[in-house]
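Step one of this worksheet: look at the structure below.
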Amino acid sequence: MEEVEDPGLATTLSEEEEEEIPCYSSMKQLFDRDRHVAYLQMMYQILPHHYQSQEINHLTLAYFVISGLYLLRAHHHVDKEEIATWVLSFQASRPKDEAELDHGKFYGFHGSRTSQFPPNDNGVLTHNGSHLASTYCALAILKITGYDMRNIDAKSILRSMRNLQQCDGSFMPIHIGAETDLRFMYCAAAICFMLNDWSGMDKEKAKEYIKSCQSYDGGFGLVPGSESHGGGTYCAVASLRLMGFIGDDPLSEDGANSVIDLPLLLDWSLQRQADDGGFQGRPNKPSDTCYAFWIGSVLKMLGGYKFLDEKSLHRFLFTCQTEYGGFSKWPGELPDLYHSYYGYTAFSLLEEPDLNPLFPELGILDLDKCSLT
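Residues in the sequence shown are numbered consecutively from 5, following the numbering used here.
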């Protein structure tokens, strides 16, 4: 039987003609809310098999989906009671007595069922895998969905969290030991803020550690002496804001009283907007969707968002908006939950009408500025 030639564009058009065909992102220079909602609805029901390797971060993936739906004003797709029950099931079993809270373990939230083990026959939690990042995601989901935070066992979380703070003020994420850097400093600060109780950390020590991470160029490395990085810079600034060490309008305040070098930080942050309009995480790196949030939020918290080129940023983000809904890391790639969520937050910072306003310090919708009816 004679083989039939495929009638697709690749076999009928020259390379020059192909280049003239507009891609989805160039045809759709509008925020496609309906596609984004459909994308997250699919993820809410079942995660594709590609996420199997991320099962240990199941709670974090759920955070991206649920918080994304709330940002997109599609919260009616979320069963709040069911989600709250599910999230609370990840909290580590309470210690048998208060003395155990000071014995080194952290009684926060596990990130998945695979890191969650039941107590032994004597009721002792010998394998406690609760993690600062998972605890941040759990509390953020509960806060977003309107759960009464007073019902959370905050005492166990906060008192045991002090076990994770190191002598230099930094935090490790899990009691069995791991790296200590600004990511977990931020998680600890966000946890205290959401629980409205700062007994879980020594704020002065934390502040000094954050200050030690500011580099010569104004940005922040994840650890002292390391290269400035967009994610680390966000964690530093957001932590200081949550702890009250940076005010609401820092650029208009006396720089001599600032805990960090604000002019140098502002300059470094603005330099991260590349020629294509997107933001890079470090010098000489390509633009990436997620840094429109990480760096954009830094500028928003500093009062410097007005200095960036919003029109160019819009153009770049639209090249990463996909026909399937969601956002990709770079133009022409497939979407993923991480970059999709931070694409939504980036558009919220840009005050996209189809989105709820963002509270940049926590990376979630600003509950004080939106009505969830």
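Ideal placement from N, C-alpha and C gives every residue a C-beta, glycine not left out.
When DSSP states are grouped into helix, strand and coil, L312 belongs to the coil group.
Of the residues A66, F94, R163, the one whose Cα lies closest to the Cα of D83 is A66. Its chain contains N360, P361, L362, F363 as the residues whose beta carbon lies nearer than 8 Å to that of D370, once the 5 sequence neighbours on both sides are disregarded; these appear in chain order. DSSP, read as helix, strand or coil, puts L75 in helix. Only residues of its own chain outside the window of five on either side were considered, and among them Y213 have a CB closer than 7 Å to the CB of D172, listed in chain order. The residue from F197, F249, Y346 with its alpha-carbon nearest to that of G235 is Y346. Going by DSSP, K304 is part of the alpha helix (DSSP H) stretching over 295 to 306. In the structure shown, H135 adopts extended strand secondary structure according to DSSP, grouped into three states. In this structure, the CA atom of L73 is about 11 Å from the CA atom of I368. Just measuring C-alpha positions, the residue of A78, H114, Y328 sitting nearest P177 is H114. For F224, there is no enclosing alpha helix (DSSP H), as DSSP marks it with neither H nor E.
Here Q56 is exposed, its C-beta having fewer than 16 other C-beta atoms within 10 Å. Put simply, the backbone Cα of F94 is about 17 Å away from that of V69. The C-beta separation of T118 from E59 comes to about 6 Å, placing the pair in contact by the 8 Å criterion.
Secondary structure note for T89: its alpha helix (DSSP H) is the uninterrupted segment 84 to 92.
When secondary structure is reduced to three states using DSSP, Q284 falls in the coil class, being assigned neither helix nor strand. In this structure, DSSP gives I214 a helical state, which the three-state scheme calls helix. If you draw a straight line from the Cα of S219 to the Cα of G225, it is about 7 Å long. Inclusion of I299 and F283 in the CB contact set at 8 Å is warranted, their separation being smaller than that value. Beta-bridge pairing by DSSP links I368 to F363. Leaving aside the five residues that flank L274 on each side, the residues in its chain whose CB is nearer than 8 Å to its CB run, in chain order, L303, G308, F311, L312. When secondary structure is reduced to three states using DSSP, F351 falls in the helix class.
Pairwise C-beta distances place the region 286 to 295 in contact with the region 229 to 243, as three or more of them are shorter than 8 Å.
Straight through space, the alpha carbons of R39 and E327 are spaced by roughly 8 Å.
DSSP places Q95 within a strand segment (E or B) once states are collapsed to three. With distances taken between CA atoms, Y151 lies nearest to V91 out of L306, V91, D106, I264. Q325 has F331 as its beta-bridge partners, per DSSP. Contact check for N167 and G108: beta-carbon distance about 5 Å, within the 8 Å limit, so the pair qualifies. A direct Cα-to-Cα measurement between P287 and D101 gives close to 51 Å. For the pair A210 and E86, the Cα-to-Cα distance works out to about 36 Å. Beta-bridge analysis with DSSP links Q45 to no other residue. Annotation: the continuous alpha helix (DSSP H) that includes C191 extends over 186 to 199.
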